[in-house]
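A short write-up of the structure that comes next.
Numbering (full-length UniProt numbering), first residue to last: 1 to 361.
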């Protein structure tokens, strides 16, 4: 059986997206059909539309989603119709060298659905991050479905599927923030604010938010920042050092993805401190640092891909913290919209007017 649904499609580079008829097949072996209930508008979707990921147009956009499993294919275990799930783009294989060494969050052979979703004329679609959830239904690998407590609202639960998980994981998993640490976060969009929330969860004593926008700095305070620095008005490296006794922060999280802000993060950390890059750079960007400074300062320079998360471990835990009132996922939702409003949401995101617009189906 083929399911005819609505979906948000990017047909060509830089062109406005459109809502079109999408054909979704029944799940085959190892696959799951999911009725999407909500999907966040993430900057990665805009990267797809702009051709910044690859040129495999047309794309079925959307990936930060939650919904209900409608059917599963042959051989699927541990997942059944009716399960409330968050979709993830890191379905671990269990057999690669990372998985076999007990580090599945580094899995080198993650997988997606084998069958293709198509346009009405049969043109195959490339689903964003192997998900394609700006649609009434989507087809994914069963391992991309993580079952969580259905008491969580889909509009907030789905945010763990990408941006919020990336930020929290950058602080907790990659940065190893722990009780009493000083933490600086450069860039206070959705991912940066999630890193701030993660640092607060981990018990950081001082959390310094850095951005060029006072509105974003005010949002950062709501997520747990104890101090804010507007880097248009003062040198962020000097400000962070001044706030940390002249030493620099134990962990500095760079959530912008630019060489300039990465250098700020590098020099704003304490000796033997940790820098975490979670902001996504573009292919042409390069970084130059004095090698002696890299050697002499010690510590760790890390990149955080998807917050080094393991969805089966981290999603249920974070949903539970949300339901306990210890993690306000709802604070990330700036507005709820329909499928036809995605293009406008991209514009608001680009202007920095929202943390997350969330499509509710």
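Beta carbons are placed, not taken as given, at the ideal position from N, Cα and C, and that holds for glycine.
Remember, predicted model here, so these are calculated numbers, not experimental data.
Beta-carbon proximity list for residue i, same chain, < 6 Å, skipping 5 on both sides
{"i": "residue 383", "result": "The chain is shown only over 1 to 361; residue 383 falls outside these bounds and no answer can be derived."}
{"i": "residue 182", "result": "206, 244, 249 and 250"}
{"i": "residue 130", "result": "89 and 112"}
{"i": "residue 261", "result": "186 and 254"}
{"i": "residue 311", "result": "88 and 146"}
Bounding residues of the beta strand (DSSP E) (the contiguous stretch that carries residue i)
{"i": "residue 288", "result": "Unbroken run through residue 288: none, as it is neither H nor E."}
{"i": "residue 134", "result": "It is not in any beta strand (DSSP E) - residue 134 carries neither H nor E in the DSSP assignment."}
{"i": "residue 33", "result": "31-40"}
{"i": "residue 210", "result": "206-211"}
{"i": "residue 253", "result": "249-254"}
CB contact check: residue i to chain B, cutoff 7 Å
{"i": "residue 215", "result": "Judged by its chain identifiers, the structure shown contains no chain B, having just a single protein chain."}
Residue i in three-state terms, based on DSSP
{"i": "residue 99", "result": "helix"}
{"i": "residue 110", "result": "coil"}
{"i": "residue 261", "result": "helix"}
{"i": "residue 362", "result": "Outside the shown range of the chain (1 to 361) lies residue 362, about which nothing can therefore be said."}
{"i": "residue 122", "result": "coil"}
{"i": "residue 328", "result": "coil"}
{"i": "residue 343", "result": "helix"}
Close Cβ partners of residue i (< 8 Å) along its chain, the five nearest in sequence each way excluded
{"i": "residue 212", "result": "230, 231 and 232"}
{"i": "residue 295", "result": "none"}
{"i": "residue 71", "result": "26, 27, 32, 33 and 81"}
{"i": "residue 360", "result": "37, 38, 154, 155, 336, 337 and 338"}
{"i": "residue 119", "result": "9, 20, 21, 22, 23, 58 and 125"}
Sequence-distant residues of its chain with Cβ nearer than 7 Å to residue i (five each side left out)
{"i": "residue 323", "result": "149, 151 and 152"}
{"i": "residue 340", "result": "19"}
Residue i CB to nearest heavy atom of the ligand NAD below 6 Å
{"i": "residue 139", "result": "For the structure depicted, the ligand NAD is absent and the ligand set is empty, with no information on it obtainable."}
First through last residue of the alpha helix (DSSP H) which encompasses residue i
{"i": "residue 218", "result": "214-223"}
{"i": "residue 281", "result": "Careful: residue 281 lies outside any alpha helix (DSSP H) and carries neither H nor E."}
{"i": "residue 3", "result": "Unbroken run through residue 3 is the beta strand (DSSP E), 2-10; no alpha helix (DSSP H)."}
Cβ distance (whole Å) where residue i is taken to contact residue j below 8 Å
{"i": "residue 68", "j": "residue 84", "result": "6 Å"}
{"i": "residue 257", "j": "residue 279", "result": "3 Å"}
{"i": "residue 61", "j": "residue 34", "result": "Actually they do not touch by this definition, with Cβ atoms about 16 Å apart."}
{"i": "residue 268", "j": "residue 184", "result": "6 Å"}
{"i": "residue 158", "j": "residue 177", "result": "Not confirmed; about 25 Å, so no contact."}
{"i": "residue 128", "j": "residue 166", "result": "So it is not a contact: roughly 15 Å between Cβ atoms."}
Could you check whether the segment 99-113 touches the segment 1-9, counting it as contact only if at least three pairs of C-beta atoms, one from each stretch, sit closer than 8 Å? no
Counting Cβ pairs closer than 8 Å, one from the segment 22-30 and one from the segment 132-146, do we hit at least three? yes
Does the segment 337-351 come into contact with the segment 33-49, if we say contact requires no fewer than three beta-carbon pairs (one atom in each stretch) closer than 8 Å? Three or more Cβ pairs drawn from the segment 337-351 and the segment 33-49 lie within less than 8 Å of each other, which places the two stretches in contact.
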